[in-house]
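Novice:
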Amino acid sequence: MLGGGNPVSGGSNPSGTGSSINYIGNHAYANSGVIQAQSTEVTHLKFNTGAEYLLGRFELQGAVNTADINDGIIVAFIITMNGEVIAQPKVGTVSEAMPTVEHYKILIPPFSSILVQVKGGSDPTGWKTSASFVGRVYA
57 MLGGGNPVSG GSNPSGTGSS INYIGNHAYA NSGVIQAQST EVTHLKFNTG AEYLLGRFEL
117 QGAVNTADIN DGIIVAFIIT MNGEVIAQPK VGTVSEAMPT VEHYKILIPP FSSILVQVKG
177 GSDPTGWKTS ASFVGRVYA
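The opening residue of the sequence shown carries number 57 in the numbering used here; numbering runs sequentially from there.
Encoded structure:
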């Protein structure tokens, strides 16, 4: 296993959801699963890399309320690398000219700390979002 992370097989979470990163050979991935949006920041992904660097992309899913899929809200994702905010993509599921999914390409240097959070609007009750990362590992 390169740079730590969760084992791919076994364990209590075979689907691979959670905030940490997983490695399969020279590939890496992280899936937050579906998480309730809040009016304050909620962590979706939080991981540290090892001696390798990663080239990949985040996929940030806009908020969905399965009780009323005809409605929508706007959320802001906050991507932090090594303690500095590097991006704040805004994703909306309302009737606006906004993407419902945001793809953010990134090169993650060795020994980096990554944090992906989301902040919902004033009343995000029932709205859920998700974030994922897929990338290639380079030694």
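Each residue gets a CB set at the ideal place from its N, CA and C atoms; glycine is no exception.
For residue 205 versus residue 100, is the C-beta distance shorter than 8 Å?
Specialist: The requested residue 205 does not occur in the structure, where the chain is confined to residues 57 to 195.
Novice: Would residue 111 and residue 191 qualify as a contact pair, given that the criterion is a beta-carbon distance under 8 Å?
Specialist: yes
Novice: Can you tell me whether residue 142 is buried or exposed? The criterion is at least 16 other CB atoms within 10 Å of its CB, across all chains shown.
Specialist: exposed
Novice: Throw me the rounded Cβ distance for the residue 104 and residue 193 pair, which I believe falls under 8 Å.
Specialist: Not confirmed; about 14 Å, so no contact.
Novice: If you drop the 5 nearest sequence neighbours on each side, which residues of the same chain put their C-beta closer than 6 Å to that of residue 161?
Specialist: If we look at residue 161 and ignore the five residues flanking it on each side, its Cβ neighbours are 113.
Novice: For a test of the three-state rule: what should DSSP assign to residue 128, helix, strand or coil?
Specialist: coil
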